[in-house]
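Chemist: Shown below is the structure under consideration.
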Amino acid sequence: MRFAVVLTVALAALVSAAPILAKDDKPGRPEGSAAPSGARPPRPAPSPGGEAGRESADQEGRGPVRVAPMFRDLTDADIADIMAFVGENMPWLKAELERMRDADATHFRTVCRHLRFEVRQLQDLKRRDPEGFRKAIEEKQLRFQAQDLASKARAAADSPERDGLVLALRRVIERLFDVEMATRGAQIGQLEGRLEELRRELKQRAAKRDEIVTGRLEDALRASKEPEYWRRFEGKTPEGRGERGEKYEKGDKGEKAGQSDRK
């Protein structure tokens, strides 16, 4: 089944990226080496899912076992949502999914389990940036067309249709390149805008240096415990919260959050 091969390649790239996102910052111990002196014993393996597993975890003091949304059991409602989104925004993909469901229901559910994560990302992008969403859909469609045409061209090695397929494939790849460049350019523009915003904030804080330092000094002298900004650097309080839990404002107002009663 052509689509199964094409989609499996795309999903393999998605899965291979997952360990990078979940990577621990601390390097692990080489396999087979002894644990360092005084090290804590290895943590028991997570309890299996279900009520029994959750109860066991609660009794051990670790709380319920949490399963990432991407790996939760796929429900019929999930599949219906995926097919509705695909049908509305990626109709070329819906037909292939329907053929896959009829031919191999197990593989179809595996594909949908991965698509659930991607669909949620696209739905969020559609709400935040409609134009970015449109470009993302166009890029996906072009990639699908390129993979489809490449498969047909390889299969038609000795056919008179091959030249036409190769020409069509080149045009799709050219368009895909242009869309990728436009998307990357827009991303760079957003980064540049954010960088300029950070520079303005830094300049504003530099202009208020004496005011900020004086405020911190007064806080340090009258507080019964360390000022919030100091505890924040030590990791003792959540980022962006004052001593009494007030939410920090953006920029240099952070030093004064929760200090409105100071004369």
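All residue numbers for the sequence shown refer to the numbering used here, where the first residue is 891 and numbers rise by one. Note that the Cβ used here is the ideal one computed from N, Cα and C, for glycine as well. Please read all numbers here as calculations on a predicted model, not as lab measurements.
My understanding is that residue 1062 touches residue 1029, with C-beta atoms under 8 Å, so please give their C-beta distance in whole angstroms.
Modeler: For the purposes of this step, residue 1062 is identified with residue 172 of the sequence shown, where counting begins at 1. For the purposes of this step, residue 1029 is identified with residue 139 of the sequence shown, where counting begins at 1. Actually they do not touch by this definition, with Cβ atoms about 11 Å apart.
Chemist: On a CA-only basis, which of 1087, 970, 976 is nearest residue 1031? Give me that one, please.
Modeler: The residue given as residue 1031 occupies position 141 in the sequence shown. Closest by alpha carbon: 976.
Chemist: Looking at the unbroken alpha helix (DSSP H) that takes in residue 1098, where does it start and where does it end?
Modeler: Within the sequence shown, the letter at position 208 stands for residue 1098. Element bounds for residue 1098: n/a, residue is neither H nor E.
Chemist: Between which two residues does the alpha helix (DSSP H) containing residue 965 stretch?
Modeler: Position 75 of the sequence shown, counting from 1, holds the residue named residue 965. Run containing residue 965: none; DSSP gives neither H nor E here.
Chemist: Which of the three DSSP states is assigned to residue 916 in this structure?
Modeler: Counted from its first residue, the sequence shown places residue 916 at position 26. Because the pLDDT of residue 916 is 40, which lies under 50, any placement of that residue in the model is unreliable, and the question is left without a value.
Chemist: Closest to residue 1027 by CA distance: which of 1003, 1057, 982, 1085 is it?
Modeler: As a working mapping, residue 1027 is identified with position 137 in the sequence shown. Nearest of 1003, 1057, 982, 1085 to residue 1027, Cα basis: 982.
Chemist: Give the straight-line distance between the Cα atoms of residue 993 and residue 986, rounded to the nearest whole angstrom.
Modeler: Residue numbering aside, residue 993 sits at position 103 when the sequence shown is read from its first letter. Residue numbering aside, residue 986 sits at position 96 when the sequence shown is read from its first letter. Roughly 11 Å separates the two Cα atoms.
Chemist: Considering residue 1040, what are the terminal residues of the alpha helix (DSSP H) in which it resides?
Modeler: Here residue 1040 refers to the residue found at position 150 of the sequence shown. 1020 to 1045 is the extent of the alpha helix (DSSP H) around residue 1040.
Chemist: Could you tell me the alpha carbon to alpha carbon distance between residue 1021 and residue 1112, rounded to whole angstroms?
Modeler: Indexing the sequence shown from 1 puts residue 1021 at position 131. Indexing the sequence shown from 1 puts residue 1112 at position 222. Taking the straight line joining both Cα atoms gives about 52 Å.
Chemist: Buried or exposed: where does residue 1055 fall if 16 or more other Cβ atoms within 10 Å of its Cβ makes it buried?
Modeler: By 1-based counting over the sequence shown, the position of residue 1055 is 165. The residue in question, residue 1055, is buried, as its Cβ has 16 or more Cβ neighbours within 10 Å.
Chemist: Measure the Cβ-Cβ separation of residue 1059 and residue 1043 and say whether it is below 8 Å.
Modeler: Translated into the one-based positions of the sequence shown, residue 1059 becomes position 169. Translated into the one-based positions of the sequence shown, residue 1043 becomes position 153. Taking 8 Å as the Cβ cut-off, residue 1059 and residue 1043 qualify as a contacting pair.
Chemist: Indicate whether residue 968 and residue 1006 have their beta-carbon atoms separated by less than 8 Å.
Modeler: In the sequence shown, the residue the question calls residue 968 occupies position 78. In the sequence shown, the residue the question calls residue 1006 occupies position 116. Yes.
Chemist: Can you tell me whether residue 1071 is helix, strand or coil according to DSSP?
Modeler: Residue mapping note: residue 1071 aligns to position 181 of the sequence shown, counting from 1. Residue state, collapsed to three classes: helix.
Chemist: Could you spell out the range, first to last residue, of the alpha helix (DSSP H) harbouring residue 981?
Modeler: The residue you call residue 981 lines up with position 91 of the sequence shown. That run of the alpha helix (DSSP H) goes 981 to 993.
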